[in-house]
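S.K.:
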Amino acid sequence: MPELPEVQTVLNGLEKALQGKTILSLECFYQGTVIIDPSLDFDPFPARPVSFVRRGKYMLIHLDSGISLIIHLRMTGKLVLDSTLPQADREILKHERARINLDQDCLLHFIDIRTFGKIVLCRTDNVPNYLPKLGLEPLSSEFTPQTLGQKLNARKAPIKTALLDQSIVAGLGNIYVCELLYRAAICPMTAATELSQKQVRRIAAETVKVLTEAIALGGTSISDFRRIDDKTGEFQNYLKVYQKNTCPNGHKVKRIVQAGRATFYCPLCQKQQNQ
DNA sequence: CAATGATCCTGTCCGC
DNA sequence: TGCGGACAGGATCATT
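Note that our numbering has the first sequence beginning at 305, numbered continuously upward.
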């Protein structure tokens, strides 16, 4: 389940892999995976990528033809670089939903078991119309205890649920929210509106720390996340509560369900009265 | 506007 | 061995 660090890892890999290459075409093998803006009235290929931008869990690849690719991996999407065979000889892989053909006999397979991932092709000036309302970028200067507190304190929902809302903070998912709340020693059931400034400061600090550490380690490979070279990330080896039986202090980790999603936390380390 | 629930989809795992 | 059901869960849409 790619969250911000996994998306950044993939995007970094793409930037390297596409260096000096030209995109020749985009193929779709599953109805709905590739969405082409209806107002696109010319063939945007061949085109060269000019910039690679991440916004929340969205990857934006801007091309020199004034067109952009918007890629979202959702839960099981993977991009796999392949330069092993002449393009014409490559069969469609299992669960391959789309393909980005490059020159130099390279291509990117878009593999997505559960078919929720999307690739949108649209004019660069039209990109914002394809993105939902996204909140603070946790690794940008706009992410401060002040801006975060302002948004969180306006919500009655539990802090765990509020942090998963992409219109509050963009890029967090279930794994990193559980992890950062443990590190900040905040009980996941605490109403966001009731968080003290001190608690918000800890949440902001631990969010930046856990995301930065995870990016440095190439993300978390919990189920099937892979880098584009198909290697696994390393951060799963550093998780403290997510899918764990005990926390680093040896306490029993509890699993509850909030807003339909599993929450892992330590009732001893994350007490509600921790100020 | 906020909060909730259903939906999309397939592989894996568990109990019987 | 196989079958049904729960679970995994990001984002979107409809509903309250």
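C-beta: ideal position from N, C-alpha, C; glycine also.
1) If L411 and P348 are in contact, beta carbons under 8 Å, what's the gap, nearest whole angstrom?
2) Does DSSP put F356 in a helix, a strand or coil?
3) Given S525, which residues of its chain have a CB within under 6 Å of its CB, disregarding the five upstream and five downstream residues?
4) Just verifying my parser: in three-state terms, what is the DSSP assignment at Q562?
5) Going by Cα to Cα distance, which pick from Y480, G522, Q503 is closest to T511?
6) Rounded to the nearest angstrom, what separates A518 and L484 at their Cα positions?
7) Rounded to whole angstroms, what is the Cα-Cα separation between C491 and T567?
8) What residue range is occupied by the uninterrupted alpha helix (DSSP H) comprising N478?
9) Under a three-way DSSP split, which group does R505 fall into?
10) Closest by CA to G477, which one among S444, L467, S471?
11) Quick check on D580: does DSSP put it in helix, strand or coil?
12) Tell me whether T550 sits in a helix, a strand or coil according to DSSP, three-state version.
13) Are the CB atoms of A321 and L389 nearer to each other than 8 Å?
14) Which class does K320 belong to by DSSP, given the choice of helix, strand or coil?
15) Is the distance from the Cβ of K422 to the Cβ of I339 below 8 Å?
16) So, is D416 buried or exposed, given that buried needs 16 or more other C-beta atoms within 10 angstroms?
17) Tell me the residue span of the beta strand (DSSP E) that contains L456.
18) List the endpoints of the continuous beta strand (DSSP E) containing L385.
19) Could you give the distance in angstroms between the alpha-carbon of G324 and the alpha-carbon of F420?
20) If you measure between the beta carbons of A495 and P462, is that distance less than 8 Å?
21) So, helix, strand or coil for L438, using DSSP?
22) Since R427 sits in a beta bridge, which residues does DSSP pair it with?
23) Below 8 Å between beta carbons: does that hold for Y370 and G475?
24) If you draw a straight line from the C-alpha of G317 to the C-alpha of Y362, how long is it?
25) In this structure, how does DSSP classify T567 when only helix, strand and coil are distinguished?
M.R.: Reading off the structure:
1) Position 107 of the first sequence, counting from 1, holds the residue named residue 411. Position 44 of the first sequence, counting from 1, holds the residue named residue 348. About 17 Å separates the two Cβ atoms, so there is no contact after all.
2) Walking along the first sequence from the start, residue 356 turns up at place 52. DSSP places F356 in strand when its eight states are reduced to three.
3) Residue mapping note: residue 525 aligns to position 221 of the first sequence, counting from 1. Excluding positions up to five away in sequence, the list reads T536, G537, Q540.
4) Translated into positions along the first sequence, residue 562 becomes position 258. Residue state, collapsed to three classes: strand.
5) Numbered from 1 along the first sequence, position 207 holds the residue referred to as residue 511. It is Y480.
6) For this step, residue 518 is matched to residue 214 along the first sequence. For this step, residue 484 is matched to residue 180 along the first sequence. Straight-line Cα distance between these residues: approximately 12 Å.
7) Along the first sequence, read from residue 1 onward, the residue named residue 491 stands at position 187. Along the first sequence, read from residue 1 onward, the residue named residue 567 stands at position 263. Within the model, the alpha-carbon separation for C491 versus T567 is close to 11 Å.
8) For the purposes of this step, residue 478 is taken as the residue at position 174 of the first sequence. Looking at the DSSP string, the run of the alpha helix (DSSP H) that includes N478 is 478–487.
9) Taking the first sequence and counting its residues from 1, one reaches residue 505 at position 201. In this structure, R505 counts as helix in the three-state DSSP scheme.
10) Numbered from 1 along the first sequence, position 173 holds the residue referred to as residue 477. Comparing Cα positions, the closest option is L467.
11) The first residue shown for the chain is 305 and the last is 579, placing residue 580 beyond what the model contains.
12) In the first sequence, the residue the question calls residue 550 occupies position 246. T550: strand per DSSP, three-state reduction.
13) Reading the first sequence from its first residue, position 17 is the one you call residue 321. Reading the first sequence from its first residue, position 85 is the one you call residue 389. Their beta carbons are not under 8 Å apart, which means A321 does not touch L389 by this criterion.
14) Looking up residue 320 in the first sequence gives position 16. In the structure shown, K320 sits in a helix (DSSP, three-state: H, G or I).
15) On the first sequence, residue 422 is found 118 positions in, with the first residue counted as 1. On the first sequence, residue 339 is found 35 positions in, with the first residue counted as 1. Cβ atoms of K422 and I339: closer than 8 Å.
16) Along the first sequence, read from residue 1 onward, the residue named residue 416 stands at position 112. With a threshold of 16 other beta carbon atoms within 10 Å, D416 meets it and is buried.
17) On the first sequence, position 152 is the one that residue 456 refers to. Counting along the chain, L456 falls outside any beta strand (DSSP E), though it belongs to the alpha helix (DSSP H) covering 449–456.
18) The sequence position of residue 385 within the first sequence is 81, counting from 1. Where L385 is concerned, the enclosing beta strand (DSSP E) stretches over 381–386.
19) To locate residue 324, count along the first sequence from 1; it is residue 20. To locate residue 420, count along the first sequence from 1; it is residue 116. The alpha-carbon atoms of G324 and F420 are separated by roughly 30 Å.
20) Counting from 1 along the first sequence, the entry for residue 495 is found at position 191. Counting from 1 along the first sequence, the entry for residue 462 is found at position 158. Contact flag set, yes.
21) Reading the first sequence from its first residue, position 134 is the one you call residue 438. Residue state, collapsed to three classes: coil.
22) Within the first sequence, numbered from 1, the residue matching residue 427 stands at position 123. Its beta-bridge partners are I371.
23) The residue labelled residue 370 in the question sits at position 66 within the first sequence. The residue labelled residue 475 in the question sits at position 171 within the first sequence. Looking at the sequence provided, one finds Gly at residue 370 rather than Tyr. No, the Cβ-Cβ distance between G370 and G475 is not below 8 Å.
24) Locating residue 317 in the first sequence gives position 13, where the first residue counts as 1. Locating residue 362 in the first sequence gives position 58, where the first residue counts as 1. So the two alpha carbons sit approximately 15 Å from each other.
25) Mapped onto the first sequence, residue 567 falls at position 263. For T567, the three-state secondary structure derived from DSSP is strand.
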